[in-house]
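Trainee: In the working numbering, the protein residues as written are 4 to 426. Sharing a structure here in structure tokens format.
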Amino acid sequence: MQNQKIYHESKKYMPGGVNSPVRAFTGLNIAPPALVRGEGAYVYDIEGKRYADYVGAWGPMILGHCDEDVVKAIEDTANSSIAFGAVTELELRFAKLICDTTGIDMIRFVNSGTEATMSAVRLARGYTGRDKIVKFSGCYHGHYDGFLVLAGSGIMTQGIAGSAGVPEDHVKNTIIGEYNNVEQIRHIFEKFGEQIACVIVEPIAGNMGVVPAKREFLMEIRKLCDAYGSLLIFDEVITGFRVAYRGAREIYEIEPELVTYGKIIGGGLPCGAYGGKREIMSILSPVGPVYQAGTMSGNPVIMAAGYATVKKIYDNRDKFYTYLESLGQKLEDGLKKVFFEKGIKVVINRVGSMFTIFFNDNDKVENYEQAKASNVNIYRHFAEQMILKGNYISPSQFEALFLSIKHTDYEVEKFIEDVYQIF
Ligand SMILES: *Cc1c(COP(=O)(O)O)cnc(C)c1O
Numbered sequence: 004m005q006n007q008k009i010y011h012e013s014k015k016y017m018p019g020g021v022n023s024p025v026r027a028f029t030g031l032n033i034a035p036p037a038l039v040r041g042e043g044a045y046v047y048d049i050e051g052k053r054y055a056d057y058v059g060a061w062g063p064m065i066l067g068h069c070d071e072d073v074v075k076a077i078e079d080t081a082n083s084s085i086a087f088g089a090v091t092e093l094e095l096r097f098a099k100l101i102c103d104t105t106g107i108d109m110i111r112f113v114n115s116g117t118e119a120t121m122s123a124v125r126l127a128r129g130y131t132g133r134d135k136i137v138k139f140s141g142c143y144h145g146h147y148d149g150f151l152v153l154a155g156s157g158i159m160t161q162g163i164a165g166s167a168g169v170p171e172d173h174v175k176n177t178i179i180g181e182y183n184n185v186e187q188i189r190h191i192f193e194k195f196g197e198q199i200a201c202v203i204v205e206p207i208a209g210n211m212g213v214v215p216a217k218r219e220f221l222m223e224i225r226k227l228c229d230a231y232g233s234l235l236i237f238d239e240v241i242t243g244f245r246v247a248y249r250g251a252r253e254i255y256e257i258e259p260e261l262v263t264y265g266k267i268i269g270g271g272l273p274c275g276a277y278g279g280k281r282e283i284m285s286i287l288s289p290v291g292p293v294y295q296a297g298t299m300s301g302n303p304v305i306m307a308a309g310y311a312t313v314k315k316i317y318d319n320r321d322k323f324y325t326y327l328e329s330l331g332q333k334l335e336d337g338l339k340k341v342f343f344e345k346g347i348k349v350v351i352n353r354v355g356s357m358f359t360i361f362f363n364d365n366d367k368v369e370n371y372e373q374a375k376a377s378n379v380n381i382y383r384h385f386a387e388q389m390i391l392k393g394n395y396i397s398p399s400q401f402e403a404l405f406l407s408i409k410h411t412d413y414e415v416e417k418f419i420e421d422v423y424q425i426f
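In structure tokens, the structure reads:
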């Protein structure tokens, strides 16, 4: 009852009872569990109920909840430095680690993924002196006005505002393309190429559910950007340090000019970052003319948590990613078997430790149209039942689920068994 009560009362004080919409359990018949504690692969709600966690704070918790090294780094740092708004060695140490190990020249830390992507786009516009940007439907890059765009009626038309409060003027320079459509991105460049500052893309989409880019799609974008002098931005806010240490860049072996990070980079605290080639990053204020700032950016406690997280992943990268892949494979195989036996049509998209079960009649889900064809009513029933059985999963069909290094065969087998019970 406490979960119900908290959610009910929260609605009086915070719109929808939440501080970010997807937590609201829209369309589900259960209240969101009010969480009080996390440990390893598990979270606990205020009623004392335990859940194996497949949300992972929407991505950051790849080490599991309350990893002892991360907690220690936060405690130790907070004892001497909560905030300065000044230069610290902590931020230098973290910047060096990321640049040296991921192969970017320079980085700037910000406070969220949204800030990282909108700043990267501003930088690309400043660098190229062009206004237009290209994004793909189904890709989410945060809530900056210029990204809140829906595809217009005709193919290749400019987008229309995807939220109330976004002036059409703010999206008139956003061109919307279809994910994985090689032919269409070629047409977009033929028509607008000289005006395009950048293409921003999730190289493995995680925000329409997991939908990996086809290799030839990313290669074509890379080629077109080179030909037209546009910059390529990989939004690796989810995939950075998740699908491989160097993110999707490592998997596809394609290098963008700019990359954005978030989620894992803060170890669970609010942090984002964007980085790339020195020549481009060097036009950022205070060195150059592109303005971007943040009172809390590079906050010591956050830099310590991020460093502890990323360093631990880096030091154990072979072991961790091999483990996550084998556990992910086991889960995928088990789920496919169960759904087949039960005669329920699903598409399971998975890259390493991120996956989505689409309740979908298509054979494949490769773009937003196909993702949207999923049966959200079945998904909601599924989510509700899985949560009641102690598996904390996303209430929405169009999200990635995550494994952490603290998940084991035990949790995965229970997940599969619970799916079997539900259908
Ligand atoms: C989560 C996410 C963002 C936005 O990050 P916030 O920290 O929520 O602002 C941007 N891009 C991608 C790919 C994301 O998954």
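A virtual CB, placed ideally from N, CA and C, is assigned to each residue, including glycine.
Thinking C-beta only, is S140 closer than 8 angstroms to Y371?
Mentor: Against a cut-off of 8 angstroms, the Cβ pair of S140 and Y371 comes out as a contact.
Trainee: Collect the residues with a C-beta less than 5 angstroms away from any heavy atom of ligand 1 and give them in sequence order along the chain.
Mentor: Cβ atoms closer than 5 angstroms to ligand 1 belong to S115, G116, T117, H144, G145, E205, D238, V240, I241, G265.
Trainee: I'd like the span of the alpha helix (DSSP H) that includes M306, first residue to last.
Mentor: From DSSP, the alpha helix (DSSP H) with M306 extends over 303 to 318.
Trainee: Inspect the beta-carbon positions of Y182 and V214 and report whether they are closer than 8 angstroms.
Mentor: Yes; because the gap between Cβ atoms is below 8 angstroms, this pair is in contact.
Trainee: Taking C-alpha atoms, which residue in I236, G331, F362 lies nearest to I107?
Mentor: Checking every option, the nearest Cα to that of I107 belongs to I236.
Trainee: Would you grab the beta carbon distance between L338 and V246 for me? Rounded to a whole angstrom, and I think it's under 8 angstroms.
Mentor: In fact, because the Cβ distance is near 19 angstroms, the residues do not count as touching under 8 angstroms.
Trainee: Mind checking whether the beta-carbon of P170 lies closer than 7 angstroms to any heavy atom of ligand 2?
Mentor: This structure lacks ligand 2; its bound ligands are ligand 1.
Trainee: Would you kindly report the start and end of the unbroken alpha helix (DSSP H) that includes E78?
Mentor: Where E78 is concerned, the enclosing alpha helix (DSSP H) stretches over 71 to 81.
Trainee: In chain order, which continuous runs of the alpha helix (DSSP H) of length 4 or greater are located wholly inside the stretch 338 to 414?
Mentor: If we require 4 residues or more, the alpha helix (DSSP H) runs fully inside the stretch 338 to 414 come out as 371 to 375, 379 to 391.
Trainee: So who's on the other strand from R111, going by DSSP bridges?
Mentor: Answer is Y277, bridged to R111.
Trainee: For L235, report the span of its beta strand (DSSP E) as first-last.
Mentor: Per DSSP, L235 belongs to the beta strand (DSSP E) from 234 to 238.
Trainee: Are Y231 and I199 close, meaning C-beta to C-beta below 8 angstroms?
Mentor: It is a contact, given that the beta carbons lie within the stated cut-off.
Trainee: Determine whether the beta carbon atoms of F112 and A307 lie at a separation below 8 angstroms.
Mentor: Against a cut-off of 8 angstroms, the Cβ pair of A307 and F112 comes out as no contact.
Trainee: What would DSSP say about D336, mapped onto helix, strand or coil?
Mentor: It is helical.
Trainee: Which of the three DSSP states, helix, strand or coil, is assigned to V174?
Mentor: It is helical.
Trainee: Three or more beta-carbon pairs under 8 angstroms between the stretch 378 to 393 and the stretch 303 to 319, yes or no?
Mentor: Touching, no.
Trainee: Could you tell me which residues DSSP pairs with F244 in its beta bridges?
Mentor: Answer is none; F244 lacks a bridge partner.
Trainee: Quick one: Cα of R252 to Cα of C69, how far?
Mentor: If you take the alpha carbons of R252 and C69, they lie about 28 angstroms apart.
Trainee: Would you grab the beta carbon distance between N114 and S300 for me? Rounded to a whole angstrom, and I think it's under 8 angstroms.
Mentor: Yes, N114 and S300 are in contact; Cβ-Cβ is about 6 angstroms, under 8 angstroms.
Trainee: Going by DSSP in three states, Y264 sits in which element: helix, strand or coil?
Mentor: Looking at Y264 - three-state DSSP - the assignment turns out to be strand.
Trainee: Give the DSSP-derived three-state secondary structure of Y47 in the structure shown.
Mentor: Note: Y47 maps to strand in three-state DSSP.
Trainee: Using 8 angstroms as the threshold, is the C-beta distance between V354 and I207 below it?
Mentor: Yes, the pair counts as a contact, with Cβ atoms nearer than the cut-off.
Trainee: Return the first residue and the last residue of the alpha helix (DSSP H) that K14 is part of.
Mentor: Taken as a continuous stretch (DSSP letters only), the alpha helix (DSSP H) holding K14 covers 5 to 16.
Trainee: What is the C-beta distance between L2 and V415, in whole angstroms, given that I count them as a contact (C-beta under 8 angstroms)?
Mentor: Any property of residue 2 remains undetermined from this structure, which presents the chain solely from 4 to 426.
Trainee: With DSSP as the reference, identify every bridge partner of D56, one or two as the case may be.
Mentor: Paired residue(s): Y395.
Trainee: What is the DSSP secondary structure of K138, reduced to helix, strand or coil?
Mentor: Three-state DSSP puts K138 in a strand.
Trainee: Could you round the C-beta distance between A55 and S407 to whole angstroms and report it? I think they count as a contact, below 8 angstroms.
Mentor: Incorrect: roughly 10 angstroms between the Cβ atoms, too far for contact.
Trainee: Keeping to the same chain, check which residues put their C-beta closer than 8 angstroms to that of P100; ignore five residues upstream and five downstream.
Mentor: The question names Pro, yet the displayed sequence has Leu at residue 100. Within the same chain, L100 has close Cβ partners Y310, V313, K314, Y317.
Trainee: Could you compute how far the alpha carbon of V262 sits from the alpha carbon of G278?
Mentor: Cα to Cα, the separation comes out at about 6 angstroms.
Trainee: Which two residues bound the contiguous alpha helix (DSSP H) that contains R218?
Mentor: R218 -> alpha helix (DSSP H) spans 218 to 231.
Trainee: Put I419 into one of helix, strand or coil per three-state DSSP.
Mentor: In this structure, I419 counts as helix in the three-state DSSP scheme.
Trainee: May I ask you to report which of helix, strand or coil DSSP gives G270?
Mentor: Here G270 sits in strand by DSSP.
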